[in-house]
Amino acid sequence: MTPLVRVLPALALLFLSTGIASAEDDGSSLDSAAEPAIGFSGFLGLAGFQKMVDARIPQGLFTVRGGARYDFFLRQLDVDGTSNAADVDVERHEVSLYAGGTVLGLVEAALRMPYVEEKIDYDYLLGPDSDTNNSGWGDADFSGKITLSIGPFDVAVYATGALPTAEPDLEDVLDYEWGAAATFSTLNEHLSVHGNVGGLHEDGGLSALVYRVGGAFVAWADNTAVVRLYAYADGVEWEGSAGTDFKIDFGVQALVLDIITLEVGSSVRLIDADKLDDDVADELALRSVVSDHFDDEGSWSITAAAGFLF
Numbered sequence: 039m040t041p042l043v044r045v046l047p048a049l050a051l052l053f054l055s056t057g058i059a060s061a062e063d064d065g066s067s068l069d070s071a072a073e074p075a076i077g078f079s080g081f082l083g084l085a086g087f088q089k090m091v092d093a094r095i096p097q098g099l100f101t102v103r104g105g106a107r108y109d110f111f112l113r114q115l116d117v118d119g120t121s122n123a124a125d126v127d128v129e130r131h132e133v134s135l136y137a138g139g140t141v142l143g144l145v146e147a148a149l150r151m152p153y154v155e156e157k158i159d160y161d162y163l164l165g166p167d168s169d170t171n172n173s174g175w176g177d178a179d180f181s182g183k184i185t186l187s188i189g190p191f192d193v194a195v196y197a198t199g200a201l202p203t204a205e206p207d208l209e210d211v212l213d214y215e216w217g218a219a220a221t222f223s224t225l226n227e228h229l230s231v232h233g234n235v236g237g238l239h240e241d242g243g244l245s246a247l248v249y250r251v252g253g254a255f256v257a258w259a260d261n262t263a264v265v266r267l268y269a270y271a272d273g274v275e276w277e278g279s280a281g282t283d284f285k286i287d288f289g290v291q292a293l294v295l296d297i298i299t300l301e302v303g304s305s306v307r308l309i310d311a312d313k314l315d316d317d318v319a320d321e322l323a324l325r326s327v328v329s330d331h332f333d334d335e336g337s338w339s340i341t342a343a344a345g346f347l348f
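Numbering-wise, the sequence shown is residues 39 to 348 according to the working numbering.
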């Protein structure tokens, strides 16, 4: 199945959702207290939630956001080779600092710098078990976005990338993503439907189609707090022998006292693309665990963030 065929149902869901929201929009009973939620930060520091890029930009001459984020990733694999087999647990902790800002309600830019601790446990069927531990500053991420507003619709082009700043113990993972984002807002910014579609390129030549579709709802908005719930589907269609990555991300964001931002979220992988990191594949090959296929025994992550917005 081609990447285009795979992404069409997600895009159809996006357009169907926006049509339903438009039909129900009257906006008469709600004020604009939900508008500050547009400034919530995503994973890289751009407006959004986790990896979803919000096409909207907070209005005004400029806005500034910053803070710290903690992410925990766990990937559990069962790898069968021709001469050996292994259970592999990849555990990764990241504490990152991020900063972002907007100008004239049109342009947005952000920078993220992560500190990484990674542990990989190898439980072999034959031979002694082993593990690796790496830590240090990882690759810095940069991102930018330009937005155009058309009534309740916002469309944007965005780009993200990585700088090779990782310390020697950590492998440089230089990936670049570019694409388009669309957001439909209704009920005076309380309800928003979001979609992203773009291309991903990793250093070494591997490319993929990425797509995200979901929504967010401001469940509470007054002078002391704004609370937004979000959920979306996140898909990656890799070229070549690797296949589909598909996961569901969800969480809650809050703005307290018009300046303090908080977030708690999670992600659960539903489909794994059978794609091993180079360092994991090399370690397995040394122990004769060479296979083009493995079973994902469970992959998930949690995220928590605190920062400021003004």
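Where is the CB? At the ideal position from N, CA and C, for every residue including glycine. On a predicted model such as this, the values are computed, not experimentally measured, just so you know.
Checklist entry - Cα-Cα, which of Ala220, Ser168, Leu267 is closest to Trp258? => result Measuring from the Cα of Trp258, the nearest candidate turns out to be Leu267.
Next on the checklist: Using only the alpha-carbon positions, how far apart do Asp353 and Lys313 sit?
Outcome noted: The question about residue 353 has no answer, for the chain in this structure spans 39 to 348.
Item to check | Alpha carbon of Asp127 to alpha carbon of Leu347, nearest angstrom | outcome: 37 Å
Checklist entry - In terms of residue numbering, what span does the beta strand (DSSP E) encompassing Asn171 cover? => result 168 to 175
Next on the checklist: Could you compute how far the alpha carbon of Ala287 sits from the alpha carbon of Phe78?
Outcome noted: Looking at the sequence itself, residue 287 is Asp, so the reference to Ala does not match. For Asp287 and Phe78, the distance between alpha carbons rounds to 16 Å.
Checklist entry - With respect to the beta strand (DSSP E) encompassing Leu228, which residues constitute its N-terminal and C-terminal limits? => result Note that residue 228 is His in the sequence shown here, rather than Leu. First-last for His228: undefined, no H or E at that position.
Next on the checklist: Going residue by residue through the stretch 240 to 306, where are the continuous beta strand (DSSP E) segments of at least 3 residues, counting only ones entirely within it?
Outcome noted: 245 to 259, 263 to 276, 282 to 294
Checklist entry - Nearest to Lys285 by CA position, among Val274, Ala194, Gln291, Thr221, is which residue? => result Val274
Checklist entry - Hey, Ala75 and Leu293: beta-carbon distance below 8 Å or not? => result yes
Checklist entry - Fully enclosed by the stretch 66 to 118, which beta strand (DSSP E) runs are 3 residues long or longer? => result 100 to 118
Checklist entry - Should the stretch 222 to 229 be called in touch with the stretch 240 to 251, which here means at least 3 C-beta pairs below 8 Å? => result In short, these stretches do not touch, since the Cβ pair count stays below three.
Checklist entry - I think Gly217 touches Asn234, with their Cβ atoms under 8 Å apart; what is that distance to the nearest whole Å? => result 6 Å
Checklist entry - Buried or exposed: Gly95, going by 16 or more other Cβ atoms within 10 Å of its Cβ? => result The question names Gly, but residue 95 in the sequence shown is Ile. For Ile95, the number of other beta carbons within 10 angstroms of its own is at least 16, and it is reported as buried.
Checklist entry - Are the beta-carbon atoms belonging to Asn226 and Ser70 less than 8 Å from one another? => result yes
Item to check | Cβ distance (whole Å) where Asp310 is taken to contact Asp334 below 8 Å | outcome: 4 Å
Next on the checklist: Within the continuous beta strand (DSSP E) that includes Phe348, where are the two ends?
Outcome noted: Note, Phe348: premise wrong, no beta strand (DSSP E); not H, not E.
Checklist entry - Nearest to Val302 by CA position, among Asp159, Glu277, Val265, Tyr153, is which residue? => result Residue nearest to Val302 within the set Asp159, Glu277, Val265, Tyr153 is Val265 (criterion: CA-CA distance).
Checklist entry - Rounded to whole angstroms, how far is the Cβ of Ser339 from the Cβ of Leu112, which I believe are closer than 8 Å? => result 7 Å
Next on the checklist: Using the Cβ count rule (16 or more neighbours within 10 Å means buried), how would you classify Asp179?
Outcome noted: buried
Item to check | For Lys157, the residue or residues it bridges with in DSSP | outcome: Glu129, Asn171
Item to check | Euclidean distance between Cα positions of Ala204 and Trp175 | outcome: Rounded to whole angstroms, Ala204 to Trp175 spans 5 Å at the Cα level.
Checklist entry - When burial is assigned at 16 or more other CB atoms within 10 Å of the CB, is Ala61 buried or exposed? => result For Ala61, the predicted structure reports a pLDDT of 34, less than 50, and the residue's modelled location is therefore unreliable. The matter cannot be settled from this model.
Checklist entry - Under the three-state reduction of DSSP, which class applies to Val327: helix, strand or coil? => result coil
Next on the checklist: Using C-beta distances below 7 Å, list every residue in its chain close to Asp161, excluding the 5 sequence neighbours before and after it, in chain order.
Outcome noted: Ala124, Asp125, Asp167
Checklist entry - Which partner residues of Asp315 appear in the DSSP bridge assignment? => result Asp315 pairs with nothing; no bridge assigned.
Item to check | Cβ-based burial, Asp64 [other Cβ within 10 Å; buried from 16] | outcome: Only weak support exists for where Asp64 lies, its pLDDT of 39 falling under 50; the value from the coordinates is given anyway. Result: exposed.
Checklist entry - If you draw a straight line from the alpha carbon of Gly281 to that of Val290, how long is it in whole angstroms? => result 30 Å
Next on the checklist: If you follow the beta strand (DSSP E) that Glu215 is in, where does it begin and where does it stop?
Outcome noted: 213 to 224
Checklist entry - Taking Cβ positions, are Gly83 and Arg130 nearer each other than 8 Å? => result no
Checklist entry - From Val256 to Leu295, what distance separates their C-alpha atoms? => result 16 Å
Next on the checklist: Restricting to Cα atoms, I'd like to know which of Phe81, Gly119, Gly278, Leu238 is closest to Gly138.
Outcome noted: Answer by Cα proximity: Phe81.
Checklist entry - In three-state terms, what does DSSP make of Asp333? => result strand
Item to check | Ser121 - containing beta strand (DSSP E), residue span | outcome: Careful: Ser121 lies outside any beta strand (DSSP E) and carries neither H nor E.
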